[in-house]
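Trainee: Numbering (the UniProt record's numbering), first residue to last: 1 to 373. The beta carbon of each residue, even a glycine, is placed where N, CA and C say it ideally should be. Please read all numbers here as calculations on a predicted model, not as lab measurements.
(1) Answer yes or no: do residue 241 and residue 310 have a C-beta to C-beta separation smaller than 9 Å?
(2) Can we say the region 12 to 26 touches the region 43 to 54, given the rule of at least three CB pairs closer than 8 Å?
(3) Any idea if residue 363 is buried or exposed, counting beta-carbon neighbours within 10 angstroms, 16 or more meaning buried?
(4) From residue 171 to residue 38, what distance separates their C-alpha atoms?
(5) Spatial neighbours of residue 226 within its chain, please: CB distance less than 7 Å, with the 5 preceding and 5 following residues excluded, ordered by chain position.
(6) Quick one: is residue 247 buried, meaning 16 or more other Cβ sit within 10 Å of its Cβ, or exposed?
(7) Contact defined as beta carbons within less than 8 Å: I believe residue 345 pairs with residue 327. What is the distance between those atoms, to the nearest angstrom?
(8) Find the nearest neighbour of residue 137 within the set 33, 128, 121 and 147, judged by alpha-carbon distance.
(9) Near residue 274, what residues of its chain come up, given a Cβ to Cβ distance below 6 Å and the 5 sequence neighbours on each side ignored?
(10) Measure from the alpha carbon of residue 365 to the alpha carbon of each residue in 343, 115, 132 and 154, then state which is nearest.
(11) Which two residues bound the contiguous alpha helix (DSSP H) that contains residue 362?
(12) Does the Cβ-Cβ distance between residue 353 and residue 319 come in under 9 Å?
(13) Measuring straight from C-alpha to C-alpha, what distance separates residue 155 and residue 263?
(14) Shortest alpha-carbon distance to residue 336 belongs to which of 268, 372, 189 and 282?
(15) Measure how close the beta-carbons of residue 284 and residue 157 come, nearest whole angstrom, since I'm counting them as under 8 Å.
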């Protein structure tokens, strides 16, 4: 099925296929579709509207903004440009918090306090966050030697993912549900091999897309034709509490990779978490981890001890990658060798998916347009 459509001025829209519908895939697809020059189609096995599953990482994230250095590998542009785009994320989200409507329901502006068991190098990247202050020594968490506070934004993940999906469709994007086993299938026919009803497409011409954007997270390890062995899972377990009286975020980084965070969301729920199960593929919450998270969260934030209701405990598998995430342009040919198709890789963000989503989408768009010239 060809999506090379008339733009209204005699020119045609190029057809772009985005693989994956997590926060990276949705943000990238929306950004490209919003430009008005392309017709974008998402191919994904799982969507935000589906029941929760460990196979869909984005729905499990705590999702708040901390200005930390993000590892970059296989990035085909200047690091300074990537970092600039990542900064846009906080600026955009802070601005849209004030907008009445769908955007405002996704975000919450609040004060964040971060404590550390060891001295942090200076200058600290957090110093660029709005409202940055050093926590006085007499107000530190009992096991901390330093701490910082700043203004930030948290994201109500289920609401935001569905917002991205609906916004993409409103802008004219389309979605095909399908499991892509090999990228060559998409290069040859886009979404044609994945119809829900074969009869619908029996008489359609099979055409290749002009560009393919790979946003498949952990799936990059298993997607034929990509098979990136440097990507691996990092299990993160969380507990979601009903505690609308908690009006601030807190975190503590201790010794030996100890980490606990408390993230209030717009709707009144609070996410607590802080596990980094490197190469841990276990797809369900462990009860002993839930108890440990609750114990450490209460130590850090005694305000939680007001009989909050445990909404759920959950875990997701972060798509981490050795050396950092991958944003890279390459060219692939169709099997007959007649067409060269631009393929942009945009995956491996680990725990930084929401932080990097807008910046990565901008980077992917720029690389795609370079490839289409």
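Mentor: Let me spell this out:
(1) Along the chain shown, read from residue 1 onward, the residue named residue 241 stands at position 241. Along the chain shown, read from residue 1 onward, the residue named residue 310 stands at position 310. Yes. Within cutoff.
(2) Enough Cβ pairs lie closer than 8 Å, so yes.
(3) The sequence position of residue 363 within the chain shown is 363, counting from 1. The residue is buried, with at least 16 neighbouring Cβ atoms inside 10 Å.
(4) Within the chain shown, numbered from 1, the residue matching residue 171 stands at position 171. Within the chain shown, numbered from 1, the residue matching residue 38 stands at position 38. Each residue's alpha carbon lies about 11 Å from the other.
(5) For the purposes of this step, residue 226 is taken as residue 226 along the chain shown, with counting starting at 1. Close CB contacts of residue 226 within its chain, under the 7 Å cut and outside five residues either way in sequence, are with 183, 214 and 220 (chain order).
(6) As a first step, residue 247 must be located in the chain shown, where it is residue number 247. Counting of Cβ neighbours within 10 angstroms places residue 247 among the exposed residues, the total staying below 16.
(7) Residue mapping note: residue 345 aligns to position 345 of the chain shown, counting from 1. Residue mapping note: residue 327 aligns to position 327 of the chain shown, counting from 1. With 8 Å as the limit, residue 345 and residue 327 qualify as a contact, their Cβ atoms being about 7 Å apart.
(8) Your numbering for residue 137 matches position 137 in the chain shown. Ranking the options by Cα distance to residue 137, first place goes to 147.
(9) Reading the chain shown from its first residue, position 274 is the one you call residue 274. 259, 260 and 261.
(10) Taking the chain shown and counting its residues from 1, one reaches residue 365 at position 365. Ranking 343, 115, 132 and 154 by Cα distance to residue 365 puts 343 first.
(11) Position 362 of the chain shown, counting from 1, holds the residue named residue 362. 353 to 372 is the extent of the alpha helix (DSSP H) around residue 362.
(12) Stepping through the chain shown from its first residue, residue 353 is reached at position 353. Stepping through the chain shown from its first residue, residue 319 is reached at position 319. Residue 353 is a Cβ neighbour of residue 319, given a cutoff of 9 Å.
(13) By 1-based counting over the chain shown, the position of residue 155 is 155. By 1-based counting over the chain shown, the position of residue 263 is 263. Straight-line spacing of the CA atoms in residue 155 and residue 263 works out to 9 Å.
(14) In the chain shown, counting from the first residue as 1, residue 336 sits at position 336. Checking every option, the nearest Cα to that of residue 336 belongs to 189.
(15) Here residue 284 refers to the residue found at position 284 of the chain shown. Here residue 157 refers to the residue found at position 157 of the chain shown. In fact, because the Cβ distance is near 19 Å, the residues do not count as touching under 8 Å.
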